[in-house]
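A.B. asks: Numbering (our numbering), first residue to last: 6 to 454. There's a structure below that I have some questions on.
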RNA sequence: GACCCUAUCGUCUAGUGGUUAGGACACCACCCUUUCACGGUGGCGGCCGGGGUUCGAAUCCCCGUAGGGUCGCCA
C-alpha cells in the first residue's frame with residue numbers, strides 16, 4: 006500500500022513554526038517512502054478564512070520547498086487544484102459531509118439533539134497504536150464519562166472539525182496521520198468515527214510540540230512563532246528546514262548540517278522523539294550562518310539586496326559594480342540577511358551615524374589629529390586599492406610612531422560609524438577616495454557633548 | 001477536576017544494564033587577526049526526586065514531582 010500523508014492547516018493568515026514542522030515531517034515521510042503529500046485546506050470556519058490567508062500557507066510551504074503532490078494551486082477555494090481526490094478545500098466538500106452524516110444518522114450511530122448532530126461515542130477505553138508514542142490506552146475523562154457523545158454538526162448546519170477531518174482523511178485515502186501531539190487524545194474520537202464508517206483508521210504518528218525558550222506553549226503571538234518572520238528576517242529556507250528537522254528528530258550520529266536529499270533518505274518515524282523541544286533561536290542563527298557562508302556570491306548578493314529593500318534601502322540607486330563590490334566585502338560575515346542592513350548600511354547612507362560610545366573613545370583629539378595625517382596620505386595616493394591603502398596606513402602609523410590599530414579604529418569609525426564591519430582596507434577601496442575623504446573630514450570636526 | 005504524553009549539560013540531542021555519560025549551540029579563556037565574523041585549542045556544565053529489580057542502573061518497574069497536551073456547537 007502506497008503511503009499518502011497530508012498537511013491540513015486552517016487558514017488563519019498565519020503559518021505557525023510548529024505547523025511548518027508538521028508539514029515538513031509529512032513531506033519528508035512522503036518523499037522517504039515514495040508516497041504522496043497532500044495539502045488540504047480546513048476552511049470550515051468561513052468567517053476567518055480568506056484567500057489571502059490561504060496564500061500565506063501556500064507561500065510558506067513553497068518557501069520551504071515543500072511541494073505538495075495534491076492540493077490547491079492558488080488561495081482561491083474554487084480555483085485550480087491538482088490531484089484526483091479533491092476538492093482540497095473543506096468549504097467545497099459540503100455534500101461529502103452531509104452524505105456521511107446521513108449514513109451515521111440512518112444507522113443510529115449519530116442523533117439529532119437541539120438542532121445539532123451528535124455522535125454516539127464508545128464508552129470503552131480506546132487503544133491507539135501510535136507509530137511514535139507507542140500504545141496508548143485512552144480512558145474517558147470524568148466529563149466525558151457523564152456524556153461521551155460529541156457534536157459533529159453544529160445547529161447552524163456547519164460540520165465540526167472531528168467529522169470533516171475524518172471524512173476527508175477517509176475519502177482522500179490518507180494512510181498515515183502525522184500531526185502534533187496536541188491531537189493525541191482526540192484520536193480516540195477519530196478512530197471511533199472511522200469505525201462507525203466501517204473502515205480501519207489510518208496509522209497515527211503524533212509528533213512532539215515546539216515550545217518557547219522558557220518551556221511555555223508557543224502560541225501565535227509569541228516571538229518567532231511565525232514562519233514568515235524567518236523569511237522577513239533574512240533566514241534561508243534550507244537552514245530553517247535543517248533546524249526544524251532537528252527539533253524532535255535526530256539522525257543519531259551527531260551530524261547537524263544535513264541537506265534535504267540526505268534528510269529524505271534518513272528521516273523516518275521511529276526516530277522521532279517523544280518529548281517536546283524548546284525553540285533555540287541562537288542555534289538557528291548559527292545554522293543559518295553555516296548556510297549563508299556556503300552560498301554562491303550571486304545568491305548572497307541577491308539576498309542582501311532583498312534585505313536592504315525590505316529595510317527601505319534601495320541599492321539600485323547605486324552603480325551595480327559598486328553594490329556588488331560592497332556586498333562582496335560582507336561575504337562570510339553574516340548569520341542572517343537581516344543583519345546586512347546594520348552591517349553594511351554605511352555603503353548606502355548619505356550621512357553615517359557614529360556609535361556614541363566608540364566615538365568618545367576613538368575620536369579623542371590625538372586620534373583626530375592622526376586621522377588628519379591619514380587623510381593627507383590617502384588624498385595623495387596614486388591608486389586607491391586595498392593593498393595600497395593598507396601600505397599607506399601602515400606608513401603613516403610608522404611616521405606617527407603608533408600601532409596600526411591607533412589609525413584603524415578611528416578610520417573605521419569615521420567611515421562606517423561602527424566598530425565592527427568588513428575589512429577596513431577593502432571597504433575603503435569600495436567606498437572610493439571621494440567618500441572616504443569626505444567622511445574623514447566630517448569626523449575631524451566631531452566634538453563630544 | 002479527570003484523562004493522555006514526556007523527563008540526560010542553559011538549549012537541541014547521542015546513549016537502550018557495565019561508557020572517564022559523547023556531540024552541537026550558547027557561555028568563558030587563549031590563539032589567529034586591521035574590527036567583527038570564521039577557524040583552532042582548552043574550559044564550565046547534565047542523567048528531576050525517592051523506592052525497588054539486578055553482581056551492576058541514565059537505561060527496567062513503582063510512587064512522587066515538574067512540564068506539556070486534551071476533555072468546545074474552535075481547528
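Glycine included, C-beta positions come from ideal geometry on N, C-alpha and C.
1) In whole angstroms, what is the alpha-carbon distance linking residue 148 and residue 27?
2) If you check the beta carbons only, do residue 274 and residue 34 fall under 9 Å apart?
3) Between which two residues does the alpha helix (DSSP H) harbouring residue 62 extend?
4) Could you check whether residue 308 and residue 342 sit closer than 9 Å to each other, using their CB atoms as the reference points?
5) Count the CB pairs spanning the region 285 to 302 and the region 338 to 354 that are closer than 8 Å, and state whether there are at least three.
6) For residue 41, report the span of its beta strand (DSSP E) as first-last.
7) Taking the C-alpha atoms as reference points, what is the distance between residue 233 and residue 408?
8) Could you check whether residue 245 and residue 69 sit closer than 9 Å to each other, using their CB atoms as the reference points?
9) Are residue 251 and residue 242 closer than 9 Å when you measure CB to CB?
10) Hey, residue 208 and residue 136: beta-carbon distance below 9 Å or not?
11) If you drop the 5 nearest sequence neighbours on each side, which residues of the same chain put their C-beta closer than 6 Å to that of residue 163?
12) What is the DSSP secondary structure of residue 32, reduced to helix, strand or coil?
13) Which runs of the alpha helix (DSSP H) fall wholly inside the region 370 to 417 and span at least 4 residues, in chain order?
14) Return yes when the Cβ of residue 359 is within less than 9 Å of the Cβ of residue 418, no when it is not.
15) Between the beta-carbon of residue 167 and the beta-carbon of residue 194, is there less than 9 Å?
16) Are there 16 or more other CB atoms within 10 angstroms of the CB of residue 421, so buried, or fewer, so exposed?
17) Hey, quick one: how far does the beta strand (DSSP E) through residue 208 stretch, first residue to last?
18) From this set, 160, 239, 314, 202, which residue's C-alpha is nearest residue 121's C-alpha?
19) If you draw a straight line from the C-alpha of residue 300 to the C-alpha of residue 362, how long is it?
C.D. replies: Let's see:
1) The sequence position of residue 148 within the first chain is 143, counting from 1. The sequence position of residue 27 within the first chain is 22, counting from 1. Each residue's alpha carbon lies about 30 Å from the other.
2) One-based indexing of the first chain puts residue 274 at position 269. One-based indexing of the first chain puts residue 34 at position 29. Their beta carbons are under 9 Å apart, which means residue 274 touches residue 34 by this criterion.
3) Residue mapping note: residue 62 aligns to position 57 of the first chain, counting from 1. Counting along the chain, the alpha helix (DSSP H) containing residue 62 begins and ends at 56 to 69.
4) Residue mapping note: residue 342 aligns to position 337 of the first chain, counting from 1. Residue mapping note: residue 308 aligns to position 303 of the first chain, counting from 1. Yes, Cβ-Cβ distance for residue 342 and residue 308 is below 9 Å.
5) yes
6) Working through the first chain from its first residue, we reach residue 41 at position 36. Annotation: the continuous beta strand (DSSP E) that includes residue 41 extends over 41 to 44.
7) Against the first chain, residue 233 aligns to sequence position 228. Against the first chain, residue 408 aligns to sequence position 403. A straight line joining the alpha-carbon of residue 233 with that of residue 408 spans about 47 Å.
8) Position 64 of the first chain, counted from the first residue, corresponds to residue 69. Position 240 of the first chain, counted from the first residue, corresponds to residue 245. In contact: residue 69 and residue 245 (Cβ atoms closer than 9 Å).
9) The residue you call residue 251 lines up with position 246 of the first chain. The residue you call residue 242 lines up with position 237 of the first chain. Not a contact, by the Cβ cut-off of 9 Å.
10) Here residue 208 refers to the residue found at position 203 when the first chain is read from its first residue. Here residue 136 refers to the residue found at position 131 when the first chain is read from its first residue. Yes. Within cutoff.
11) Taking the first chain and counting its residues from 1, one reaches residue 163 at position 158. Cβ neighbours of residue 163 beyond the five flanking positions: none.
12) Taking the first chain and counting its residues from 1, one reaches residue 32 at position 27. Note: residue 32 maps to helix in three-state DSSP.
13) 370 to 384, 391 to 405
14) As a working note, residue 418 is residue 413 in the first chain. As a working note, residue 359 is residue 354 in the first chain. Residue 359 is positioned such that its CB atom lies closer than 9 Å to that of residue 418.
15) Indexing the first chain from 1 puts residue 167 at position 162. Indexing the first chain from 1 puts residue 194 at position 189. Yes, the Cβ-Cβ distance between residue 167 and residue 194 is below 9 Å.
16) If you number the first chain from 1, residue 421 lands on position 416. Flag for residue 421 reads buried.
17) As a working mapping, residue 208 is identified with position 203 in the first chain. Element bounds for residue 208: 208 to 212.
18) In the first chain, residue 121 corresponds to position 116, counting from 1. Residue 121 has its Cα closest to that of 160, out of 160, 239, 314, 202.
19) Position 295 of the first chain, counting from 1, holds the residue named residue 300. Position 357 of the first chain, counting from 1, holds the residue named residue 362. Rounded to whole angstroms, residue 300 to residue 362 spans 34 Å at the Cα level.
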